[in-house]
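Listed in order, the protein sequences are those of chains A and B.
Under the working numbering, the first residue of the first sequence is numbered 39, with each subsequent residue one higher.
Under the working numbering, the first residue of the second sequence is numbered 39, with each subsequent residue one higher.
2 protein chains.
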Amino acid sequence: MNEVCAKSGGDLVDPLVAEVARLGGLAEAQIADCVDAVTRRDVPLAQALIGRDRKLDQLQADIERRAIDLIATRQLSGRQLRRAVAALKIASNLERCGDLARNIAKRTLALSENEPLTPLTRSIDRMGRLVASRLKDVLDAYTAGELDKAAQVWSRDTEVDEHYNSLFRELLTYMMGDPRTITPGAHLLFIAKNLERIGDHATNIAEIIHFEVTGETDMGDRPKWDALMEKMPAAAKPEN
Amino acid sequence: MNEVCAKSGGDLVDPLVAEVARLGGLAEAQIADCVDAVTRRDVPLAQALIGRDRKLDQLQADIERRAIDLIATRQLSGRQLRRAVAALKIASNLERCGDLARNIAKRTLALSENEPLTPLTRSIDRMGRLVASRLKDVLDAYTAGELDKAAQVWSRDTEVDEHYNSLFRELLTYMMGDPRTITPGAHLLFIAKNLERIGDHATNIAEIIHFEVTGETDMGDRPKWDALMEKMPAAAKPEN
Numbered sequence: 039m040n041e042v043c044a045k046s047g048g049d050l051v052d053p054l055v056a057e058v059a060r061l062g063g064l065a066e067a068q069i070a071d072c073v074d075a076v077t078r079r080d081v082p083l084a085q086a087l088i089g090r091d092r093k094l095d096q097l098q099a100d101i102e103r104r105a106i107d108l109i110a111t112r113q114l115s116g117r118q119l120r121r122a123v124a125a126l127k128i129a130s131n132l133e134r135c136g137d138l139a140r141n142i143a144k145r146t147l148a149l150s151e152n153e154p155l156t157p158l159t160r161s162i163d164r165m166g167r168l169v170a171s172r173l174k175d176v177l178d179a180y181t182a183g184e185l186d187k188a189a190q191v192w193s194r195d196t197e198v199d200e201h202y203n204s205l206f207r208e209l210l211t212y213m214m215g216d217p218r219t220i221t222p223g224a225h226l227l228f229i230a231k232n233l234e235r236i237g238d239h240a241t242n243i244a245e246i247i248h249f250e251v252t253g254e255t256d257m258g259d260r261p262k263w264d265a266l267m268e269k270m271p272a273a274a275k276p277e278n
Numbered sequence: 039m040n041e042v043c044a045k046s047g048g049d050l051v052d053p054l055v056a057e058v059a060r061l062g063g064l065a066e067a068q069i070a071d072c073v074d075a076v077t078r079r080d081v082p083l084a085q086a087l088i089g090r091d092r093k094l095d096q097l098q099a100d101i102e103r104r105a106i107d108l109i110a111t112r113q114l115s116g117r118q119l120r121r122a123v124a125a126l127k128i129a130s131n132l133e134r135c136g137d138l139a140r141n142i143a144k145r146t147l148a149l150s151e152n153e154p155l156t157p158l159t160r161s162i163d164r165m166g167r168l169v170a171s172r173l174k175d176v177l178d179a180y181t182a183g184e185l186d187k188a189a190q191v192w193s194r195d196t197e198v199d200e201h202y203n204s205l206f207r208e209l210l211t212y213m214m215g216d217p218r219t220i221t222p223g224a225h226l227l228f229i230a231k232n233l234e235r236i237g238d239h240a241t242n243i244a245e246i247i248h249f250e251v252t253g254e255t256d257m258g259d260r261p262k263w264d265a266l267m268e269k270m271p272a273a274a275k276p277e278n
């Protein structure tokens, strides 16, 4: 019975994968919008995206329910099982990307009450675009099932970290130079950290794609946080 | 066959639940240690707990594998299925608590290079103990299956937020008063935020226990972030 089920259910997981792709599209849009909102001080955009976050939460809960149902009630083949588990885990990462975008939008509301810190928002914009492109690449890799593309996102993880570290130093320098920038600077610190965490989720998704396709969880070595930290002056270490 | 499986497999999920409880114990210890490390500036303790985090990651991965295997290969009853799904999700929350403790420990290493900010570390200590007690309570509720105790943790979520908001204001005030405190202050901001997020995970776990026992995902209303924010002066809004 196992084999019959496995064969006849060859595309059982496809609708689930399509829903994850849809959630991915929504998360991409939220991230693009939150970066625009913070750089343009666009309060209505920030409010709109905060309102839309609920939709991502609901879609993720729905995907989770459907994935568990599929795993529990169908005799899935090994690959199908990995696809369903991957869908479940990627959806969870995307939902958290949505939360981080919402939190950036909330800080945009607070920032709009202060004077703009233009050079800093430009750095945030650059980091935001980098992170958004990482998420786009990894979602392309997911829908196309391209392992190479996923591995590329994974191996370039340190670029986002380097952006974050440089932004962290830049922000502290500003805050030290002018105490009036301390409150907005603190918000920008958290915004930068949230963007870095979105980059981490893109890396997680790359690892999940690797697991889905190969069945293995280990992707080998890549440049690590510790190695990166050695390059930094002690006082400016942002930690994680 | 379904019914026979359901009956004979009455305690199929028990070993999984025991492993989650074990992971919970490890996470509790990591959180207690990271609070001690930061408040006592204890570098060896911080390094030891950073090293131990790997064990939590491995245990979580193992729980995930076993939970999926159980769901995919056994005919679980509705309650058993919910127990297995809850184990999977609680383990994921605990693993992230471990990550947050590790990150606090890493910042402790950076902080040890600066002058101590004693009154602030005292506030961090208080918040750390509050958050640790929330996690302890919710893990007690999990192993005892006590819905009331879980609901209590869930309904007191805003206490942690209030601690965080007050600490955020206190930190900014310090940083504005003395630019030399800006770098350690920034680390303490992130430490406070990480503690708040550990509190959020305790709340998530309370919601998962509610789902496991009742099969429902909605716990009704509780005091929300927005309501809390109305109480704060605009410039000091910490956002999330």
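The C-beta atom is built at its ideal place from N, Cα and C for all residues, glycine as well.
Quick caveat: nothing in here was measured; it's all calculated off a predicted structure.
For R134(B), the uninterrupted alpha helix (DSSP H) segment begins and ends at G116 to L149.
The three-state secondary structure of T241(B), taken from DSSP, is helix. If you compare the alpha carbons of A122(A), G62(A) and A244(A) with that of A110(B), the shortest gap goes to A122(A).
Under the Cβ criterion of 7 Å, V81(A) is not counted among the residues facing chain B. In this model, V81(B) and E66(B) are separated by some 19 Å (Cα to Cα). Judged by DSSP in its simplified three-state form, V81(B) adopts helix. Boundaries of the alpha helix (DSSP H) around V198(A): D195 to G215. Taking a C-beta cut-off of 7 Å against chain B, the contacting residues of the stretch 202-220 of chain A are L210, M213, M214, P217 and I220, listed in chain order. Note that the C-beta distance between L138(A) and N232(A) is below 7 Å. Per DSSP, D49(B) lies in no alpha helix (DSSP H) and is assigned neither H nor E. Excluding residues up to 5 positions away in sequence, L64 lie with their Cβ nearer than 8 Å to the Cβ of K93(B) in the same chain. DSSP places L155(B) in no alpha helix (DSSP H); its state is neither H nor E.
Spatial neighbours of I88(A) in its own chain (CB-CB distance under 6 Å, excluding positions within 5 residues in sequence) are listed in chain order as R140 and A143. Within the stretch 218-251 of chain A, those residues whose Cβ lies closer than 8 Å to any Cβ of chain B are, in chain order, I220, T221, A224, H225, L227, F228 and K231. Under the Cβ criterion of 7 Å, I69(A) is not counted among the residues facing chain B. Excluding five sequence positions before and after R134(B), the CB atoms of its chain that fall closer than 7 Å to its own CB belong to H239, given in chain order. Taking C-beta separations shorter than 7 Å and ignoring five residues to either side along the sequence, the partners of L54(A) in its chain run I101, R104, A105, L108, A122 and A125, following chain order. R145(A) counts as buried, since at least 16 other C-beta atoms from the protein chains shown sit within 10 angstroms of its C-beta. Contact between L147(A) and A84(A) holds: their C-beta atoms lie close to 6 Å from each other, under 8 Å.
Cβ neighbours of R172(B) within its own chain (closer than 7 Å, five residues either side excluded): V191, V198, G237 and A240.
Against chain A, the CB of V176(B) has no partner CB under 7 Å away; the residue lies outside that interface. With distances taken between CA atoms, S130(A) lies nearest to A99(A) out of R112(A), A99(A) and S150(A). For I109(A), the residues of chain B that pass the 9 Å Cβ criterion are I106, I109 and A110, in the order they occur in the chain. T181(B) sits exposed, since fewer than 16 C-beta atoms from the chains shown fall within 10 Å of its C-beta. For V123(B), the chain A residues whose Cβ falls inside 7 Å of its Cβ are I106, in order along the chain. L119(B) belongs to the set of residues whose beta carbon lies under 7 Å from a beta carbon in chain A.
Within the same chain, D80 and L83 come within 8 Å of D74(B) by CB-CB distance, once the 5 residues on both sides are set aside. An exposed status is given to G183(A), since fewer than 16 other beta-carbon atoms sit within 10 Å of its beta-carbon. Excluding residues up to 5 positions away in sequence, M213 lie with their Cβ nearer than 6 Å to the Cβ of I220(B) in the same chain. Taking 7 Å as the cut-off, the Cβ atoms of L205(A) and A224(A) do not count as close. In terms of Cβ geometry, A188(B) and I128(B) do not form a close pair [threshold 7 Å]. Short of 6 Å from the beta carbon of V251(A), and not among the five residues preceding or following it, lie these beta carbons of its own chain, in chain order: L185. Residues of chain A with a Cβ closer than 7 Å to the Cβ of L114(B) are, in chain order, A110.
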